[in-house]
Structures are given as structure tokens and as C-alpha cells.
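J.: My questions all concern the structure below.
Chains as they are written, first to last, in my numbering: chain A, 1 to 167; chain B, 1 to 290.
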């Protein structure tokens, strides 16, 4: 059985203008009936498989995003929903904005848009489901373990240092 | 234990999860249709539980794992005793024990939402325990025995002698099956006030075990509903099955008509129903027995 038959979602608002949040929440209301696909909007990182993050990450909530990510058991997939979550968007140059979601945790699927369109969001989730199955397969063979947020941070620092040296 | 009892236990142990998944699957589809949606696939609860066991095994502490396992064990044990024809009091006490282990598991992680969930679970137990015990007493008063194997030897369906107990039991069944109230710790509704409370800090296979226990528990509770209809005539089993289906449908309906019952309401309503439906039936049965 494929793990993607029962994907449970978790949605967190980084620091978006709420446009993307409204789209994400609207897509999970009974009107669109995502339960058809076995999707449940959990609100609990320990039960979630897919992490939908909207808005850029700011210096106050970066630890929250990290903790949510670390609490999710493997296999897990992170979706950056909307252009702000992809790279900071219109808030990119604000003093408190770190940038996109991938400045603090590894992101698997980037879904652009301002606000993110439901079609794009569904497309992103479909991609995420494929990734989820692949990761589950690899995990079964013992070949996969996702990075913790701390490991990711260290890797990013190392990359930045190498880039500086090369320059 | 008789041969038939042994076979019943083996059947219970092997196919309960599948049957319970099918029942909850049908329930989810029926609920969705009542809300004008298509709803999930029929075996969705099965996919969910298989997924949970495929996930990474993490737990907050070792104690939590042990307590959840104990919860699962006692839930299965109480069902096994029931289907073996054992003492219904033992069944209910073992079931309470199972719940207590789950509450302890929630307390062991020392997290705010788990603790709040555990408190609400205790309130929930306070709401339904009197009725479950009264039901056992009712079976004793109508048949002269607490043993399930003696209770099913009755000539007339017990529902005729125990309508009040039946109403009371069906009422608490809504709570016990985690349908209503919506703000209970592990309510099935997509409600996030206490972030799944009790089971909030369980993840992967550990959460899977608590879900598995719930499936066994579901079959046991429906078994007790069936006990109201089973007689010495084997054909009555069909009647019991029909009654279980009707009760399940009424539960979905109640849940959809009263989607916003809160735990305060549950406590009051459950005790009032217990007192009037269960209590009145108890008095009548005692008078009849004199």
C-alpha cells in the first residue's frame, strides 16, 4: 500500500499577508472535499505527512518553523506555498524577514503565485504525494533519513562559507 | 472456555481491525453524504492505520511507548473476554484500565495539550462510566448472571426488558466512539482546539497502536449493542447485526445534527440520561424481580 493514500496536512503561516492562507484553508474546507483523497487537515506536526508553509519566515518565528518540521516523523514533505514562502516575495527586503521557507528548513516543492492559485496548490500537493511515496520506499530500504533543521542549518552555513572562499 | 468461545475470540482477534475499519469507513462516507460531499474511500481508516505503522518510530519517552502498548493490550483483552463469553464486569473494568493507561501516556509526556487532553478524557470517562456499569447491572438483573455466555441464553431479546439501559448505552456510545462532543481530546472532527490532546504527542507506530486499540474497542462496543438483541436462537444474530447497523446510522445522524456539543453539555446530558433512562429501568427491573 502506498503511503500517499492517507496524506495528512499541516498548515503554518510564516508571515504571509494571509492571501495564501485563505487559499490553503479554502482548499481544505468541506466544499472542496479533500477527504476524497484521504487528506486530513491535522494541525498536529506529530501526525502530519505534508507541511504547507505560507509566507516568508521571520526572525521571531524561525524556531517555531524548525520545531514543527523536526516534530514531524519521516517520511515527510515540505511545500512552500506562494511566492513569499518560495523566496520572501514582496517582503524580501524587510528587516525582520529571513527569506523563503528554505532559509530554515529543507523545502521539497515550491508552489509560486500571489496568492497561490488552488490549481497550483493541488498540482503541488500531487507532486508532494509522489515524493512522499519515493521517500517511503527509500526509507523502507534504509537509504533515507531526512535532515533535521539543525543539520540543514549547518549544511547551509558550510555552503555559504565555501562560496565565500571560492569568491 | 468453550470451543465456540475460543473460535469467537480467534475471529475477534483476527478480523476485528478490518471490520472496524469497514464500519468507520462506511460511517465516514455516510457522514460525508449527509454533508453533501463524496467522502473518502471505503477503506480509508485502514489506509490511515497502515500508513501510521509505516512511519518513523519516534516517541517522546520510553514510558509513553509502554503505556500505549498497555492501553492496546487491555483494549484487546477486554474484547477477548467479552467474545469468549466471560464476565461483563471484567470486560468493563479492563476497558476502563485501558483508558487509564492512555491517560497516563498523555500525562507522561508533560506537554500542555496532552495534559489538557488527558483531563478531558477523564471528564469523558466520568460521563460514560456510570452508564456502562449500570448496563452490566441491568444484564444481571434481567438474566441473573454477569457472564456473557449465560446472558445470550435468554429466550427473549433483552431489549424488551432493558429499553432504558439500551437508550442510555446508545447515548454514551456517541461519546465512547469519539463522535461527539467535538471539543473532546481525540474527537474525530477536524477541530484543533486541543490539537488532538490526548494523542497529540503520539506519532507514527505508537499512534498506530492507539488507533488499533480504538478499532478493537469499537467492535467490543458494538458487540455490547448486539448483546441486547441476541437470544438462544442463532437467527437472532442477524437481528443483532441489523440493530448494530441501525444504531451506527443513528449515531452518524446524531453527530451531524449536533455537531457543536461541548464537553460541559456532554457531562450534564450523559448523567441526566443515565439517571432517567438507566435509573428508571433499574427500578422497574428490581420491582419485577421481587
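A virtual CB, placed ideally from N, CA and C, is assigned to each residue, including glycine.
None of these values were measured; they are calculated from a predicted model.
Comparing C-alpha positions only, which one of 131/A, 31/A, 144/A sits nearest to residue 37/B?
T.: Residue 37/B sits at position 37 when you count from the first residue of the second chain. That would be 31/A, whose Cα lies nearest to the Cα of residue 37/B.
J.: Taking only beta carbons into account, state which residues of the segment 243–266 of chain B come closer than 9 Å to chain A, listed in chain order.
T.: Going along the segment 243–266 of chain B in chain order, one finds no residue with a Cβ nearer than 9 Å to chain A.
J.: Which residues in chain B sit within 7 Å of residue 47/A, going by Cβ to Cβ distance?
T.: Mapped onto the first chain, residue 47/A falls at position 47. In chain order: 196, 203, 207.
J.: If we call anything under 8 Å between Cβ atoms a contact, is residue 42/A one with residue 9/A?
T.: Walking along the first chain from the start, residue 42/A turns up at place 42. Walking along the first chain from the start, residue 9/A turns up at place 9. Yes, they are a contact pair.
J.: Taking Cβ positions only, does residue 16/A come closer than 8 Å to chain B?
T.: Position 16 of the first chain holds residue 16/A. With 8 Å as the cut-off, residue 16/A does not count as an interface residue toward chain B.
J.: For the beta strand (DSSP E) that contains residue 99/A, what are its first and last residues?
T.: As a working note, residue 99/A is residue 99 in the first chain. Counting along the chain, the beta strand (DSSP E) containing residue 99/A begins and ends at 97–99.
J.: What are the residues in the segment 44–69 of chain B lying within 7 Å of chain A by C-beta distance?
T.: Listed by position, the residues of the segment 44–69 of chain B near chain A (Cβ gap below 7 Å) are 44, 47, 48, 50, 51, 54, 55, 56, 58.
J.: Counting only runs of 4+ residues fully inside the segment 35–121 of chain A, write out the alpha helix (DSSP H) ranges in chain order.
T.: List check, alpha helix (DSSP H) in window: 62–71, 83–87.
J.: Would you say residue 150/A faces chain B, with C-beta separation under 8 Å as the test?
T.: Position 150 of the first chain, counted from the first residue, corresponds to residue 150/A. Chain B, which has no Cβ nearer than 8 Å to the Cβ of residue 150/A, makes this no.
J.: Quick check on residue 290/B: buried or exposed, where buried means 16 or more other Cβ atoms within 10 Å of its Cβ?
T.: In the second chain, residue 290/B corresponds to position 290, counting from 1. Flag for residue 290/B reads exposed.
J.: Does DSSP classify residue 140/B as helix, strand or coil?
T.: Within the second chain, numbered from 1, the residue matching residue 140/B stands at position 140. Helix at residue 140/B.
J.: Measure from the C-beta of residue 108/A to each C-beta in chain B and report whether the shortest distance is under 8 Å.
T.: Taking the first chain and counting its residues from 1, one reaches residue 108/A at position 108. With 8 Å as the cut-off, residue 108/A does not count as an interface residue toward chain B.
J.: What's the C-alpha gap between residue 131/B and residue 130/A?
T.: Taking the second chain and counting its residues from 1, one reaches residue 131/B at position 131. Taking the first chain and counting its residues from 1, one reaches residue 130/A at position 130. Their Cα atoms are separated by approximately 48 Å.
J.: For residue 113/B versus residue 204/B, is the C-beta spacing smaller than 8 Å?
T.: On the second chain, residue 113/B is found 113 positions in, with the first residue counted as 1. On the second chain, residue 204/B is found 204 positions in, with the first residue counted as 1. No, these two residues do not count as a Cβ contact at 8 Å.
J.: Rank 95/B, 111/B, 35/B by C-alpha distance to the C-alpha of residue 195/B and give the top, closest one.
T.: Position 195 of the second chain, counting from 1, holds the residue named residue 195/B. Looking at the Cα atoms, 111/B is the closest of the given residues.
J.: Are the beta-carbon atoms belonging to residue 128/B and residue 175/B less than 8 Å from one another?
T.: Taking the first residue of the second chain as 1, we reach residue 128/B at position 128. Taking the first residue of the second chain as 1, we reach residue 175/B at position 175. Their beta carbons are under 8 Å apart, which means residue 128/B touches residue 175/B by this criterion.
J.: Taking residue 13/A as part of the beta strand (DSSP E), name the residues at either end of that continuous run.
T.: Translated into positions along the first chain, residue 13/A becomes position 13. Residue 13/A -> beta strand (DSSP E) spans 8–13.
J.: Going by the beta-carbon positions, is the gap between residue 38/A and residue 44/B smaller than 8 Å?
T.: The residue you call residue 38/A lines up with position 38 of the first chain. The residue you call residue 44/B lines up with position 44 of the second chain. Cβ atoms of residue 38/A and residue 44/B: closer than 8 Å.
J.: Taking only beta-carbon atoms, is residue 33/B less than 8 Å away from chain A?
T.: Along the second chain, one-based indexing puts residue 33/B at 33. Chain A contact via Cβ: absent.
J.: Would you verify that the beta carbon of residue 17/B is, or is not, closer than 8 Å to some beta carbon of chain A?
T.: If you number the second chain from 1, residue 17/B lands on position 17. No, residue 17/B lies away from the interface with chain A (no Cβ there is under 8 Å from its Cβ).
J.: Under a three-way DSSP split, which group does residue 87/B fall into?
T.: Here residue 87/B refers to the residue found at position 87 when the second chain is read from its first residue. Looking at residue 87/B - three-state DSSP - the assignment turns out to be strand.
J.: For a quick check, are the C-beta atoms of residue 106/B and residue 74/B less than 8 Å apart?
T.: Within the second chain, residue 106/B is the residue found at index 106, counting from 1. Within the second chain, residue 74/B is the residue found at index 74, counting from 1. No, the pair does not count as a contact, with Cβ atoms beyond the cut-off.
J.: Output needed in chain order: residues of the segment 43–69 of chain A with a Cβ under 7 Å from some Cβ in chain B.
T.: From the segment 43–69 of chain A, only 43, 44, 46, 47 have a Cβ closer than 7 Å to chain B.
J.: Using the Cβ count rule (16 or more neighbours within 10 Å means buried), how would you classify residue 105/A?
T.: Against the first chain, residue 105/A aligns to sequence position 105. Counting Cβ neighbours within 10 Å, residue 105/A comes out buried, since at least 16 surround it.
J.: Can you find a CB in chain B that lies within less than 8 Å of the CB of residue 128/A?
T.: Sequence index remark: in the first chain, residue 128/A carries index 128 (1-based). By this cut-off, residue 128/A is not an interface position.
J.: How would you list, in chain order, the residues of chain A whose beta-carbon sits under 7 Å from the beta-carbon of residue 40/B?
T.: As a working note, residue 40/B is residue 40 in the second chain. Under the 7 Å cutoff, chain A gives 35, 36, 38.
J.: Any contact between the segment 115–128 of chain A and the segment 70–87 of chain A? By contact I mean 3 or more CB pairs, one from each, below 8 Å.
T.: A contact exists between the segment 115–128 of chain A and the segment 70–87 of chain A.
J.: Check whether the Cβ atoms of residue 120/B and residue 263/B sit closer than 8 Å, and answer yes or no.
T.: Numbered from its first residue, the second chain carries residue 120/B at position 120. Numbered from its first residue, the second chain carries residue 263/B at position 263. Going by C-beta atoms, residue 120/B is nearer than 8 Å to residue 263/B.
J.: Please check if any C-beta of chain B sits within less than 8 Å of the C-beta of residue 136/A.
T.: Here residue 136/A is taken as the residue at index 136 of the first chain, counted from 1. At least one chain B Cβ lies under 8 Å of residue 136/A.
J.: Please decide whether residue 37/B counts as near chain A, where near means a Cβ-Cβ distance under 8 Å.
T.: Counting from 1 along the second chain, the entry for residue 37/B is found at position 37. It does; some Cβ of chain A falls within 8 Å.
J.: Need the endpoints of the alpha helix (DSSP H) that residue 22/A sits in, please.
T.: For the purposes of this step, residue 22/A is taken as residue 22 along the first chain, with counting starting at 1. Element bounds for residue 22/A: 19–27.
J.: Are the segment 46–53 of chain A and the segment 6–26 of chain A in contact at 8 Å, needing three or more beta carbon pairs?
T.: They touch, by the three-pair rule.
J.: Can a CB atom of chain B be found closer than 8 Å to the CB of residue 133/A?
T.: In the first chain, counting from the first residue as 1, residue 133/A sits at position 133. No - not a single Cβ of chain B is within 8 Å of the one on residue 133/A.
J.: Once you ignore the five residues that flank residue 225/B on each side, which residues in its own chain have a CB closer than 6 Å to its CB?
T.: Residue numbering aside, residue 225/B sits at position 225 when the second chain is read from its first letter. Cβ neighbours of residue 225/B beyond the five flanking positions: 244, 247.
J.: Can you tell me the Cβ-Cβ gap for residue 72/B and residue 252/B, rounded? I've got them flagged as a contact below 8 Å.
T.: In the second chain, the residue the question calls residue 72/B occupies position 72. In the second chain, the residue the question calls residue 252/B occupies position 252. About 26 Å separates the two Cβ atoms, so there is no contact after all.
J.: Once the 5 residues before and after residue 136/B are set aside, which same chain residues still bring their CB inside 7 Å of it?
T.: Looking up residue 136/B in the second chain gives position 136. Only 88, 89, 92, 146 meet the Cβ criterion.
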